[in-house]
Amino acid sequence: MDIVLILLVIALAWQVLRVRYQRMHITLLGGHLANLQLERHMETLTQGYTRAIHEASESRQLQVLETFAPTERSVAAQVQTLANAMQKESAEAASMGTFALCIPYAERFMPSAVRDFRKLLQIHAVGLRHAVDNEAGWDPKARAFHLSAELYLFQHSCHWYCKSRTVADARLMVRHQVKHEKVLESVSEVTRSAYQRWLQGN
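Written out as structure tokens, the structure is:
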């Protein structure tokens, strides 16, 4: 009975620490997002791309896709603004664990298993700019496909930082019916290679 009680106390303490830790991350990121319109722009683009794909004619698809150019540029600029703003935060505040579940304050006792969210945001900023400027020379539909993946991966990273990798994976599946692995395959090589190096700690 004593062992059960001890385990219960440990579980409760871990739960309290986890909630407090996640709330700190949510508050920090939310503060930087408050003056931006990223969520609204991302919703406009992801829903708009889907609508364009379902247009009957290819000419109409291209016409619809062209209307999103200002929003695409705005998203790229605002992600860069967010990345720049987060550079002012401390390394400890920007730490996120590589574990599937949230391990509160892992940066204090397992630094090798921690990654820097500030660096990850810079990767997303560069990747989104690359896709928006179409430096790879994609056709309009391919460009919309890759841009969607860039947005999904960015959203996944934010959820991972605020909650955990497992929660981020689940939200990606629920909201967009796609797995993280597939999204990573679908972003540009610029984003994918930098992301993988970040994940490996290089």
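Take the sequence shown: its letters are residues 1 to 202, numbered as in the UniProt record's numbering.
The C-beta atom is built at its ideal place from N, Cα and C for all residues, glycine as well.
All values derive from a computational prediction rather than experimental measurement.
From Gln177, Ile53, Gln80 and Gly48, pick the residue whose C-alpha is nearest to that of Phe68; which is it?
-> If you number the sequence shown from 1, residue 68 lands on position 68. Checking every option, the nearest Cα to that of Phe68 belongs to Gly48.
Alpha carbon to alpha carbon, how far is Gln61 from Lys141? Give it in angstroms, no decimals.
-> Counting from 1 along the sequence shown, the entry for residue 141 is found at position 141. Counting from 1 along the sequence shown, the entry for residue 61 is found at position 61. Taking the straight line from one Cα to the other gives about 8 angstroms.
To which residues of the same chain is Ser186 closer than 6 angstroms at the C-beta, ignoring the five residues directly before and after it?
-> Here residue 186 corresponds to residue number 186 of the sequence shown, with the count starting at 1. Hits under 6 angstroms: Ala149.
Whose C-beta lies closer than 8 angstroms to the C-beta of Gln37 among residues of the same chain, with five residues either side of it excluded?
-> Residue numbering aside, residue 37 sits at position 37 when the sequence shown is read from its first letter. Same-chain partners within the cutoff: Ser74 and Gln78.
Following the continuous beta strand (DSSP E) through Met96, name the residue where it begins and the one where it ends.
-> If you number the sequence shown from 1, residue 96 lands on position 96. Met96 -> beta strand (DSSP E) spans Ser95 to Gly97.
From Trp198, Gln155, Ala144 and Val167, pick the residue whose C-alpha is nearest to that of Val64; which is it?
-> On the sequence shown, residue 64 is found 64 positions in, with the first residue counted as 1. Cα-wise, what sits closest to Val64 is Ala144.
Can you give me the Cβ contacts of Thr71 inside the same chain, cut-off strictly under 7 angstroms, excluding the 5 residues immediately before and after it?
-> Taking the first residue of the sequence shown as 1, we reach residue 71 at position 71. Closer than 7 angstroms at Cβ, skipping near neighbours: His41, Thr44 and Leu45.
Test item: CB-CB of Met96 and Trp160 under 8 angstroms = Here residue 96 refers to the residue found at position 96 when the sequence shown is read from its first residue. Here residue 160 refers to the residue found at position 160 when the sequence shown is read from its first residue. Contact: yes.
The segment 166 to 185 in contact with the segment 88 to 95 per 3-pair CB rule at 8 angstroms | no
Extent of the continuous beta strand (DSSP E) to which Asp116 belongs = One-based indexing of the sequence shown puts residue 116 at position 116. Where Asp116 is concerned, the enclosing beta strand (DSSP E) stretches over Val114 to Asp116.
Residue ranges of each beta strand (DSSP E) within the segment 22 to 109, 3 or longer | 95 to 97
Would you check if the distance between the CB atom of His146 and the CB atom of Ala131 is smaller than 8 angstroms?
-> The residue given as residue 146 occupies position 146 in the sequence shown. The residue given as residue 131 occupies position 131 in the sequence shown. Yes, the pair counts as a contact, with Cβ atoms nearer than the cut-off.
Could you give the residue range of the alpha helix (DSSP H) that holds Ser193?
-> The residue given as residue 193 occupies position 193 in the sequence shown. Its alpha helix (DSSP H) spans residues Glu189 to Gln200.
Would you say the segment 94 to 114 touches the segment 153 to 173, given that touching needs at least three Cβ pairs under 8 angstroms?
-> The segment 94 to 114, when compared against the segment 153 to 173, does touch it at the 8 angstroms Cβ threshold.
Separation of Asn35 from Glu181, as counted between CA atoms | Position 181 of the sequence shown, counting from 1, holds the residue named residue 181. Position 35 of the sequence shown, counting from 1, holds the residue named residue 35. Near 31 angstroms, if we compare the C-alpha coordinates of Asn35 and Glu181.
Does DSSP put Trp160 in a helix, in a strand, or in coil?
-> Translated into the one-based positions of the sequence shown, residue 160 becomes position 160. DSSP places Trp160 in helix when its eight states are reduced to three.
DSSP-derived helix/strand/coil call for Val16 | For the purposes of this step, residue 16 is identified with residue 16 of the sequence shown, where counting begins at 1. Helix.
Would you call Gln155 buried or exposed, if buried means 16 or more other Cβ atoms sit within 10 Å of its Cβ?
-> Counting from one through the sequence shown, the residue named residue 155 turns up at place 155. So Gln155 counts as buried.
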